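Student: One structure is given below, represented as structure tokens, and several questions about it will come after.
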Amino acid sequence: MPVHVVATAVKTFFGCLAEPLIPLDLHEDILVTVDGADQNLDVIERLRSVMGRMTPVNREVLLFFTSHLQKVASSPSTAMDYHNLSKVLFPTLFRPQFNDFIEMSTGTAKFQRAAEVILQNAHDIFQANQADANRV
1 MPVHVVATAV
11 KTFFGCLAEP
21 LIPLDLHEDI
31 LVTVDGADQN
41 LDVIERLRSV
51 MGRMTPVNRE
61 VLLFFTSHLQ
71 KVASSPSTAM
81 DYHNLSKVLF
91 PTLFRPQFND
101 FIEMSTGTAK
111 FQRAAEVILQ
121 NAHDIFQANQ
131 ADANRV
């Protein structure tokens, strides 16, 4: 089966969920955290805190999905690095809602950047939350 068929099926599945995998109520906090920030521990800590507010199911699914995407990004045969993956997947992960074209033109870059940071750092962002959830 061609890879793009599987990718389309996964994106369609996430698109059919009642709410995006990354819930709407977290979008603003994620964008503010990532906006203009370099990859540093402070950003990771703040994202860990924000993502810790996700439901356990969403958090586990996102961790599993991003773990797979990290393998895709590290494979030379895919030609899909984190930047490319974030471009094609941010609409699936976030399902952002824009009120007009201007908001969309500025917002897409922010959501794409947020997706890229999350993909690159998913292990660090979610592992502490996963350990906390396992203790409960």
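Residue numbers for the sequence shown, in full-length UniProt numbering: 1 to 136.
Beta carbons are placed, not taken as given, at the ideal position from N, Cα and C, and that holds for glycine.
Keep in mind the model is a prediction, meaning the values are calculated, not measured.
Using C-beta distances below 6 angstroms, list every residue in its chain close to LEU63, excluding the 5 sequence neighbours before and after it, in chain order.
Tutor: PHE126
Student: Could you tell me which whole alpha helix (DSSP H) segments of length 4 or greater appear in the region 19 to 56?
Tutor: 24 to 34, 41 to 51
Student: Using the Cα positions of GLN120 and TYR82, report the straight-line distance between them to the nearest angstrom.
Tutor: C-alpha separation (whole angstroms): 7 angstroms.
Student: Taking just the CA atoms, how far does THR108 sit from VAL34?
Tutor: 13 angstroms
Student: Do ALA115 and PHE90 have their C-beta atoms closer together than 7 angstroms?
Tutor: yes
Student: When burial is assigned at 16 or more other CB atoms within 10 Å of the CB, is ILE30 buried or exposed?
Tutor: For ILE30, the number of other beta carbons within 10 angstroms of its own is at least 16, and it is reported as buried.
Student: For PHE98, which of helix, strand or coil comes out of DSSP?
Tutor: coil
Student: Please report the residue range of the alpha helix (DSSP H) in which ALA7 lies.
Tutor: 3 to 16
Student: Could you tell me the alpha carbon to alpha carbon distance between ALA7 and THR106, rounded to whole angstroms?
Tutor: 26 angstroms
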